[in-house]
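Chains as they are written, first to last, in the numbering used here: chain R, 1 to 256; chain H, 257 to 628.
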């Protein structure tokens with residue numbers, strides 16, 4: 001026999017517990033906000049546009065005619081030190097005006113940006129571009145000119161143009177750097193100068209600047225266009241890897 | 257009394273049920289599937305071959321059996337030229353993989369253009385049209401030749417009048433598009449539907465890719481040359497004594513074209529034909545033309561935008577020499593390093609491979625031939 005008082009206690013307990021559940025539901029997560037990184041291009045920190053003639057570190061006049069690169073993934077680190085990532089793949093074509101990369105993230109405060117320069121192995125090799133819809137950057141049409149073969153995968157960075165070894169002469173020598181292969185995949189991490197505060201359902205902007213001149217030289221290496229005007233880094237050519245290393249330090253980010 | 261009332265009520269209920277029931281049935285069935293209740297066209301299922309990308313078909317021009325067949329009739333319709341002597345097919349011959357074996361096509365007035373007619377192969381996958389890319393959609397591209405004075409020279413107003421007054425076309429347009437009034441846009445839509453069905457995917461290379469046959473040693477050696485970097489590594493960094501073909505005629509999606517615009521070193525000045533620069537307005541696009549597909553390339557002579565080469569041997573010879581320098585020549589051309597430098601044997605192997613891209617089931621497909 002269970003005394004009535006115990007029934008009463010059980011009942012109270014039941015109400016209290018289930019009542020608590022009802023009164024304190026898990027808060028609905030706020031809808032994501034978006035972060036838009038506007039892609040700027042400079043040459044030695046001066047504004048630069050594809051097809052402009054600039055001067056490289058050796059004094060050669062250079063004109064880039066085609067500058068494209070893949071970025072995947074794009075990640076943000078919040079103020080708790082956690083990285084948030086997306087599956088988005090970006091093909092940045094600097095000959096196209098006003099390029100940007102936009103991702104959706106949870107509202108919060110972010111302190112750093114990290115991105116893969118190129119494509120991680122799992123989406124680089126042994127992937128059929130025909131398996132993507134045509135508007136995807138890895139599709140046959142979306143990757144036009146940026147795909148080698150199924151085995152060697154995609155071209156991560158295409159840096160093409162013309163140069164001359166003397167100022168004042170016509171630019172007739174070709175420069176053609178195609179960097180790729182899994183071994184050439186690099187990661188760039190940039191601490192934000194000021195935190196990026198992302199609010200729900202709103203867009204926050206920052207500007208990611210690529211200095212194209214820095215692709216050719218850095219503190220420990222330099223590429224001479226006259227000596228090494230070509231790399232198609234599909235077969236272990238070290239020049240492509242050298243350029244990818246240089247590219248790591250060719251970036252700058254500013255928060256609006 | 258009550259019995260009588262009940263009966264009347266019962267009848268009312270029955271009547272209401274019967275009437276509302278009928279209304280419901282009518283609601284479930286659309287009154288008719290086309291605006292004027294004409295029979296609807298039959299959806300056409302386009303089979304996408306293995307390894308091909310999806311084809312983007314405009315939402316306002318889905319493929320239908322009747323639309324495709326109407327498109328075929330119109331493609332071969334000589335009444336779309338001013339003197340009734342030429343159709344689209346006059347310059348896009350089946351035996352030439354729907355290209356023109358003449359260097360320049362001759363229009364109804366005897367005039368010639370300045371470019372070779374492009375082959376119509378798998379153009380449903382192309383993102384732009386014409387050698388210079390001035391056509392952004394297939395439907396848009398089709399509108400040009402009919403009224404071009406150097407081609408069919410027939411004003412569209414007269415073209416649609418002829419079709420409208422014919423004994424057969426109005427009904428065919430009615431079935432295909434549920435429209436009584438024929439317009440040039442509907443003509444273009446029908447021909448575009450037909451062209452999108454012109455799929456070449458059964459060459460020896462396709463069969464090999466599907467594991468259905470073997471390439472000969474010579475063909476396979478040519479394929480490897482096709483995929484290797486070009487040039488002598490002593491003079492061309494990264495060179496592998498290959499053909500360097502795959503950069504522009506890549507096998508991704510098995511279309512053998514990147515659809516980009518390139519200057520392949522044919523000329524050093526471009527006043528005669530600026531190419532893509534005339535469309536983009538950018539002088540640095542001078543001398544650039546769209547990369548054509550290599551499918552059926554053995555059938556599509558003459559070659560290049562102006563048909564200057566008559567054989568594949570001449571084409572390979574051009575790339576082997578490196579072409580001529582200019583401010584816009586493509587970085588892939590080995591202009592200053594002596595060209596590809598393929599040996600005669602390698603050239604033969606490469607040409608053997610190119611022949612594996614021939615698809616005679618495409619060129620002889622009854623569905624693409626002249627129905628008139």
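For glycine and all other residues, C-beta sits at the position ideal for the given N, C-alpha and C.
Original post:
Applying the criterion that 16 or more other CB atoms from any shown protein chain within 10 Å of the CB defines a buried residue, is residue 238 of chain R buried or exposed?
Top reply: For this step, residue 238 of chain R is matched to residue 238 along the first chain. Exposed: under 16 other Cβ atoms inside 10 Å.
**OP:** Report the rounded CA-to-CA distance for residue 43 of chain R versus residue 220 of chain R, giving the unit in angstroms.
**Re:** Within the first chain, the letter at position 43 stands for residue 43 of chain R. Within the first chain, the letter at position 220 stands for residue 220 of chain R. Distance between the alpha carbons of residue 43 of chain R and residue 220 of chain R: 19 Å.
**OP:** Could you check if residue 137 of chain R is buried or exposed, using at least 16 other CB atoms within 10 Å of its CB as the buried criterion?
**Re:** Start at 1 with the first residue of the first chain, and residue 137 of chain R comes out as number 137. Buried is the call here.
Original post:
Can we say the region 574-592 of chain H touches the region 452-467 of chain H, given the rule of at least three CB pairs closer than 8 Å?
Top reply: no
Original post:
Taking 8 Å as the CB-CB cut-off, is residue 569 of chain H touching chain R?
Top reply: Your numbering for residue 569 of chain H matches position 313 in the second chain. Chain R contact via Cβ: absent.
Original post:
In the DSSP assignment, what are the bridge partners of residue 43 of chain R?
Top reply: To locate residue 43 of chain R, count along the first chain from 1; it is residue 43. Paired residue(s): R/46.
Original post:
Which residues in chain H sit within 7 Å of residue 153 of chain R, going by Cβ to Cβ distance?
Top reply: As a first step, residue 153 of chain R is located in the first chain; it is residue number 153 there, counting from the start. Near residue 153 of chain R there are no residues of chain H at all, since even the closest Cβ is about 11 Å away, more than 7 Å.
Subject >> Cutoff 8 Å: residue 232 of chain R Cβ touching any chain H Cβ >> reply: As a working note, residue 232 of chain R is residue 232 in the first chain. Output row for residue 232 of chain R: interface = yes.
**OP:** Report, in whole angstroms, the separation of the C-beta atoms of residue 343 of chain H and residue 331 of chain H, which I expect to be a contact under 8 Å.
**Re:** Numbered from 1 along the second chain, position 87 holds the residue referred to as residue 343 of chain H. Numbered from 1 along the second chain, position 75 holds the residue referred to as residue 331 of chain H. Right, their Cβ atoms sit about 7 Å apart.
**OP:** With residue 69 of chain R as the anchor, note down where its beta strand (DSSP E) starts and where it stops.
**Re:** Residue mapping note: residue 69 of chain R aligns to position 69 of the first chain, counting from 1. That run of the beta strand (DSSP E) goes 61-78.
Subject >> Spatially closest choice to residue 323 of chain H from H/308, H/299, H/341, by CA coordinates >> reply: Locating residue 323 of chain H in the second chain gives position 67, where the first residue counts as 1. Here the closest residue by C-alpha is H/299.
Subject >> Test item: CB-CB of residue 196 of chain R and residue 110 of chain R under 8 Å >> reply: The sequence position of residue 196 of chain R within the first chain is 196, counting from 1. The sequence position of residue 110 of chain R within the first chain is 110, counting from 1. Taking 8 Å as the Cβ cut-off, residue 196 of chain R and residue 110 of chain R qualify as a contacting pair.
Original post:
What do you reckon, are the CB atoms on residue 549 of chain H and residue 512 of chain H nearer than 8 Å?
Top reply: Within the second chain, residue 549 of chain H is the residue found at index 293, counting from 1. Within the second chain, residue 512 of chain H is the residue found at index 256, counting from 1. In contact: residue 549 of chain H and residue 512 of chain H (Cβ atoms closer than 8 Å).
Subject >> Closer than 7 Å at the beta carbon, the chain H residues around residue 144 of chain R >> reply: In the first chain, residue 144 of chain R corresponds to position 144, counting from 1. Residues of chain H passing the Cβ test: 514, 515, 516.
**OP:** Measuring alpha carbon to alpha carbon, tell me which of H/508, H/336, H/542, H/561 ends up nearest residue 398 of chain H.
**Re:** Mapped onto the second chain, residue 398 of chain H falls at position 142. It is H/336 whose Cα lies nearest to the Cα of residue 398 of chain H.
Original post:
Do you know offhand how far residue 311 of chain H's Cα is from residue 436 of chain H's?
Top reply: Within the second chain, the letter at position 55 stands for residue 311 of chain H. Within the second chain, the letter at position 180 stands for residue 436 of chain H. Their backbone Cα atoms lie some 29 Å apart in a straight line.
Original post:
I think residue 71 of chain R touches residue 63 of chain R, with their Cβ atoms under 8 Å apart; what is that distance to the nearest whole Å?
Top reply: Here residue 71 of chain R refers to the residue found at position 71 of the first chain. Here residue 63 of chain R refers to the residue found at position 63 of the first chain. Residue 71 of chain R to residue 63 of chain R, Cβ: 24 Å. No contact.
Original post:
What do you reckon, are the CB atoms on residue 191 of chain R and residue 66 of chain R nearer than 8 Å?
Top reply: Translated into positions along the first chain, residue 191 of chain R becomes position 191. Translated into positions along the first chain, residue 66 of chain R becomes position 66. Going by C-beta atoms, residue 191 of chain R is not nearer than 8 Å to residue 66 of chain R.
Original post:
Under a Cβ-count criterion, where at least 16 other Cβ atoms within 10 Å of its own Cβ denotes burial, should residue 222 of chain R be classed as buried or exposed?
Top reply: As a working mapping, residue 222 of chain R is identified with position 222 in the first chain. So residue 222 of chain R ends up on the exposed side.
Original post:
Which stretch, first to last residue, makes up the beta strand (DSSP E) that contains residue 186 of chain R?
Top reply: Locating residue 186 of chain R in the first chain gives position 186, counting from the first residue. Taken as a continuous stretch (DSSP letters only), the beta strand (DSSP E) holding residue 186 of chain R covers 186-198.
Original post:
What are the residues that DSSP puts in a beta bridge with residue 597 of chain H?
Top reply: Looking up residue 597 of chain H in the second chain gives position 341. Residue 597 of chain H pairs with nothing; no bridge assigned.
Subject >> Between the CA atoms of residue 218 of chain R and residue 249 of chain R - distance to the nearest angstrom >> reply: Position 249 of the first chain holds residue 249 of chain R. Position 218 of the first chain holds residue 218 of chain R. Rounded to whole angstroms, residue 249 of chain R to residue 218 of chain R spans 8 Å at the Cα level.
Original post:
Secondary structure at residue 392 of chain H, three-state DSSP: helix, strand or coil?
Top reply: In the second chain, residue 392 of chain H corresponds to position 136, counting from 1. Coil at residue 392 of chain H, not helix or strand.
Original post:
In chain R, which residues lie less than 7 Å from residue 506 of chain H when you measure between Cβ atoms?
Top reply: For this step, residue 506 of chain H is matched to residue 250 along the second chain. Result: 147.
**OP:** For residue 242 of chain R, collect the residues of the same chain with a Cβ closer than 6 Å to its Cβ; drop the 5 residues on either side in sequence, then sort them by chain order.
**Re:** Start at 1 with the first residue of the first chain, and residue 242 of chain R comes out as number 242. Once the five neighbours on either side are set aside, the close Cβ partners of residue 242 of chain R are 221.
Subject >> Cα-Cα separation, residue 144 of chain R to residue 471 of chain H >> reply: What you label residue 144 of chain R is simply residue 144 of the first chain in a count that begins at 1. What you label residue 471 of chain H is simply residue 215 of the second chain in a count that begins at 1. Taking the straight line from one Cα to the other gives about 27 Å.
**OP:** Report the option in R/139, R/173, R/193 whose CA atom is closest to the CA atom of residue 227 of chain R.
**Re:** As a position in the first chain, residue 227 of chain R is number 227, starting the count at 1. Of the listed residues, the one whose Cα sits closest to residue 227 of chain R is R/173.
Original post:
Hey, which unbroken runs of the alpha helix (DSSP H) at 4 residues or more fall wholly within the region 521-601 of chain H?
Top reply: 533-536, 568-577
Subject >> residue 486 of chain H beta carbon less than 8 Å from that of residue 499 of chain H >> reply: For the purposes of this step, residue 499 of chain H is taken as residue 243 along the second chain, with counting starting at 1. For the purposes of this step, residue 486 of chain H is taken as residue 230 along the second chain, with counting starting at 1. Yes.
Subject >> Coil, strand or helix - residue 299 of chain H by DSSP >> reply: For the purposes of this step, residue 299 of chain H is taken as residue 43 along the second chain, with counting starting at 1. Strand at residue 299 of chain H.
Subject >> Where residue 222 of chain R sits in the DSSP three-state scheme >> reply: Position 222 of the first chain, counted from the start, is the residue given in the question as residue 222 of chain R. Correct three-state label for residue 222 of chain R: strand.
**OP:** Determine whether the Cβ of residue 485 of chain H lies closer than 8 Å to any Cβ atom of chain B.
**Re:** The structure shown contains no chain B; the protein chains it does contain are R and H.
**OP:** Note down, in chain order, each residue of its chain lying with its Cβ closer than 7 Å to the Cβ of residue 425 of chain H, except the 5 sequence neighbours on either side.
**Re:** Mapped onto the second chain, residue 425 of chain H falls at position 169. Cβ within range, chain order: 419, 438.
**OP:** Note down the Cα distance separating residue 187 of chain R from residue 118 of chain R, rounded to an integer number of angstroms.
**Re:** As a first step, residue 187 of chain R must be located in the first chain, where it is residue number 187. As a first step, residue 118 of chain R must be located in the first chain, where it is residue number 118. In a straight line, the C-alpha of residue 187 of chain R is about 9 Å away from that of residue 118 of chain R.
Original post:
Should residue 607 of chain H be labelled buried (16 or more other beta-carbon atoms within 10 Å of its own) or exposed?
Top reply: In the second chain, the residue the question calls residue 607 of chain H occupies position 351. The residue in question, residue 607 of chain H, is buried, as its Cβ has 16 or more Cβ neighbours within 10 Å.
Original post:
Name the chain R residues that come within less than 8 Å of residue 612 of chain H, Cβ to Cβ?
Top reply: Counting from 1 along the second chain, the entry for residue 612 of chain H is found at position 356. Here the premise fails: no neighbours, minimum Cβ distance about 17 Å.
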